[in-house]
Amino acid sequence: MSRALNLSVRVGLPFRKRGDADEMLLETIHRPADLRGLDHDELSTLATEIRSFIVQATSVTGGHLGSNLGVVELTLALHRVFDSPRDILLWDTGHQAYVHKILTGRRDRFDTLRQAGGLSGYPSREESEHDWVENSHASTILSYAHGVATALHLSGAEAERRVVAVIGDGSMTGGMAYEGINNLGHSGRRVVIVLNDNGRSYAPTISRLSHGLTNLRLKPSYVRNRDRIEHVLGEVPVIGEHLQLGVQGLRAAFREFLEPQNFFEALGVRYVGPVDGHDVDEMEHVLRSVKDHNGPIIVHVITQKGKGYAFAEDDEDKCLHDAPIFDPVTGPPPWAPTGYTEAFSEAIIAAAERDKRVVAITAAMPSPTGLIPFQARFPDRFFDVGIAEQHAVTAAAGMAMGGLRPVVAIYSTFLTRAFDQANLDVGLHHQPVVFCLDRAGITGDNGPSHHGVLDMALLLRVPGMTIFAPSSAQELQVMLGEALAITSGPSAIRFPNGAARRVPLEQVGSGLTARRVRQGDDVCILAVGKLLEAAEDAALLLDEQGVSATVWDVRVVKPLDPDMICDAARHPLVVTAEDGVRDGGAGAAMADAIADLDESRQSPPVLVLGTPDRYIPQAKPAQILAELGLDGAGIAASVIKTLHAAHSPLSPR
Ligand SMILES: Cc1ncc(C[n+]2csc(CCOP(=O)(O)OP(=O)(O)O)c2C)c(N)n1
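Positions 216 to 868 (this note's numbering) are the ones given, in order, by the sequence shown.
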C-alpha cells in the first residue's frame, strides 16, 4: 500500500482560509518576504497548497512535476533564510524551480507555463530578478556559483551577499560538478551548496558517491549517532594495544560510513548533514548556521522526489520527473516510448539479438531514450553512466576499441556537451560508435536550451562521420542496421520527437543513397528527415501554382548521394530544408556539393532553409517551424518568392 498522500483528491480545493474567507494562504504570498511571518503550522499548510497548485498547473500544461514536488519545503526554507535577490539563489538544471517561481511573484502566470510567450519551465533572467541561470543543461551550477562568488569577492560585496547553489544528486554525477567543487574547495570561495538528494535522476542515480549518500539516507538515526559516536571517539582513553586497535577499527568503519563527508572535506568543502528536506524548521536551523561560513560548505538535504502526490511517489520509472498534460485525479498514463523513440527501442533490441557485440549507453536517460526494454532484455549490455555525456562518448570509444559495437542513445541537445569527445576520442580514432540522437530539431516546450539544432552542423565537421536522418519509423530501423554495418568510423542517426510516419516498404530507402520521392522540372527540394513531409506538402501547394517540384528524401547527410546532387543540379532552382541550423548545416553542405559538381558550368542557385542564428524560444514545434518558414506553406512561399525574384526584370541575368 502506498505511503503517499494522494493529493489527486484534493486538487483545486482551498486548504486553509486566512483573512478573506475564500483566500488560500498561497494567495497571500507575492514575494519571499511574505513568508517570513509564517509559523510552523502555516508553513506546513502552505507546502500542501503549493503541492496542490503544482499538480494542478502541470496537469494543464505538462511540466517537471516530481522534481518540484520534492523541493517544496527546501525552497520555503531557502527563501526564509536567504534574502533573494540580494542573496543569489542558483538552481542546477533549473527544472526544479517552480516553487521558487511561485514564491517570487509568478504564481498567477502558471497557466502559461511552457507556452509560447509564457512562463519558462526553467529560471529565466527576463522573467525575474530572482533568476540568474536559465541554461537547463545539468551540472553547471557550481561553476556559475564559483564565478559569481569570485565577482562578489573582487567587488568587495562578499560580506553582504550570499551565493547559494542547489544541485541534485543526479546532476552531481556530471563532470562539470566535480570540476566546480574542486575549484571551489581550492579557492575557498564563499558558497552554500545545497545537495538535494532524492536518490534519482530520472532513474535511480548512478554513482558510488550517491550510494554513500543513500546509506546515510536509510539511517534516520544517523545524525544522533554521528554526534554521539564522534563524541565518544573523542573521549575514549587509549588503554592498551587491544583497545586501541578496537577503537581504530571502529573509527575506520565509521569513516567508511561517512564516505561522502570525507569526499567533500578532502576537496576543501565543509559538509553538513544529512538534513530532512521536508522539515522546514530543521532546514532553516541548519541553513542559518552555515549562512555565514567563510568558505564553501555543502548542506546535504534528503528529499523524496514526487512527494505528496501518490502517482509521482509510486512511479518507479521516474517519479513523474516530467509529465505530459494529465488528469490529476487519475494521474498520467504510464510513460512508454512512441514515434521514433519506439522505433529505435525496437531496432536496437533486434540489432542486439543479431549481434552480441551491440551494447547501449545512456547518460541518465534510460526511459526517455527508449532503452528500458533493452535494459530488461540485455542487462549486462546496458550502461547508464550518469549525467555524463562526455564520459559516455569516450567510454563508447573505448568499448569500440575493445571490440564492442556501442550505440550511444542521447538527446541531440546534450550531444553538444560531448562534441570534442565525438570528434577526437571517437572520430580521430576511427571508432565505429553509433550515435542515436533523439529529440533532434525543434523540440518546443523546453525552450532555447533544448532544441536539437546543432547536431548536423557539428557532426558534419567530424571527418569520417556518417550522418543519417530518417523520415519514417522504418527508415530509422533500416538506418540502425546500416550504421552498425559501418566499421570504418562513427555514424549518427538523428531523429525528432513526436509521431513518426509509418510508410509502405517501397518508400523505405537503403544503404547510403538518397531517395527521390517525386519528380518535377522547376525546382528541386532536398529535404532532411522530418522535413520531407513539409517538402511534400510544399510540392502540392506549388503544383497548384503551376510550379512542378522534384522532392528528394536526403536520408544520408554525410556522405551526400552523388546521384541526388547531380539530379538537383539540373533544376533551375534548388531548395534545401532542414530543422537544424542553416549556417554550416546539411543545406550548406548540399549547396557546396552542387557548386563543386562541375566548375565549367554554372550551377543553379541554392536556397538553404534551416533554423536561424539565434536562440529559439519555447512554443509548440509545429508553431515554431511555421514561424521559421519550415512547414509546407513556408517552403512553398520561399520557392515562389525566389522564382519571382529570378524572373524580375531587375534580377541579374
Ligand atoms: C547535460 C544534461 N543531460 C541530461 C539532462 C536531462 N535531465 C534533466 S533533469 C535530469 C535529472 C536530474 O537529476 P537531479 O539533479 O538529481 O534532479 P531531480 O530531478 O532528481 O531533483 C536529467 C538527466 C540535462 N538536463 N542536462
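Note that beta-carbon positions come from the ideal geometry of N, C-alpha and C, so glycine has one too.
For I625, the beta-bridge partners assigned by DSSP are L652. Within 6 Å of the C-beta of H310 there is at least one heavy atom belonging to ligand 1. If you draw a straight line from the Cα of P827 to the Cα of D794, it comes to about 10 Å.
For I708, the secondary structure class from DSSP, reduced to helix, strand or coil, is strand. Within the same chain, Cβ atoms closer than 8 Å to the Cβ of D542 are found at S274, the five residues on either side in sequence being excluded. In terms of CA proximity to R246, R322 leads the group W306, H279, R322 and G662.
Taking C-alpha positions only, R295 is separated from D249 by approximately 9 Å. Checking the 6 Å criterion, the Cβ of S687 is out of range of every heavy atom belonging to ligand 1. Rounded to the nearest angstrom, the gap between the Cα atoms of N411 and D491 is 10 Å.
Under the DSSP definition of a beta bridge, F597 partners with A575. Assigned with DSSP and collapsed to three states, L675 falls in coil, not helix or strand. Closest in C-alpha terms to S763, from the list K773, T577 and E751, comes E751. DSSP places A764 in the strand class (E or B) of the three-state scheme.
Ligand 1 has a heavy atom closer than 6 Å to the beta-carbon of A353. C-alpha of L328 to C-alpha of R785: approximately 49 Å in a straight line.
Contact check between the stretch 643-663 and the stretch 700-707: three or more CB pairs, one atom from each, fall below 8 Å, which counts as touching.
Rounded to whole angstroms, M805 and D778 show a C-alpha spacing of 12 Å. If the five residues before and after A611 are omitted, its C-beta is found closer than 6 Å to the C-beta atoms of I576, P621, V623 and V648, all from its own chain and listed in chain order.
The residue from R377, S370 and H493 with its alpha-carbon nearest to that of D507 is R377.
With a threshold of 6 Å, the Cβ atom of D254 does not count as near ligand 1, since no heavy atom of the ligand is closer than that. Apart from the 5 residues on each side of it in sequence, T609 sits with its Cβ closer than 7 Å to the Cβ of Q636 and D640 in its chain, given in chain order. Here S627 really is in contact with A655; their C-beta atoms are around 4 Å apart, less than 8 Å. Three or more Cβ pairs closer than 8 Å define a contact, and the stretch 413-423 meets that threshold against the stretch 388-399. Of L757, P787, E842 and A684, the smallest CA-CA separation from G800 is found for A684. When C-beta atoms of the stretch 347-360 are compared with those of the stretch 307-315, three or more pairs fall below 8 Å, so the two segments count as touching. Between ligand 1 and N413, a heavy atom-to-CB distance of less than 6 Å is present. H515 is bridged by DSSP to L410.
Approximately 12 Å separates the beta-carbon atoms of G546 and C534; this is outside 8 Å, ruling out the contact. Of the candidates K835, P832 and L788, the residue whose Cα lies closest to the Cα of L822 is L788. Look at G278 here: in three-state DSSP terms it is strand. For L291 against V516, the beta-carbon gap comes to about 12 Å, at or over 8 Å, which does not count as contact.
Around the beta carbon of R503, a 10 Å sphere encloses fewer than 16 other beta carbons of the protein chains shown; the residue is thus reported as exposed. The C-beta of M616 has fewer than 16 other C-beta atoms within 10 Å across all chains shown, which makes the residue exposed. Under the three-state reduction of DSSP output, L822 falls in the strand class. Counting along the chain, no beta strand (DSSP E) covers V668, and no H or E run does either. With fewer than 16 other Cβ atoms from the protein chains shown falling within 10 Å of its own Cβ, S725 counts as exposed.
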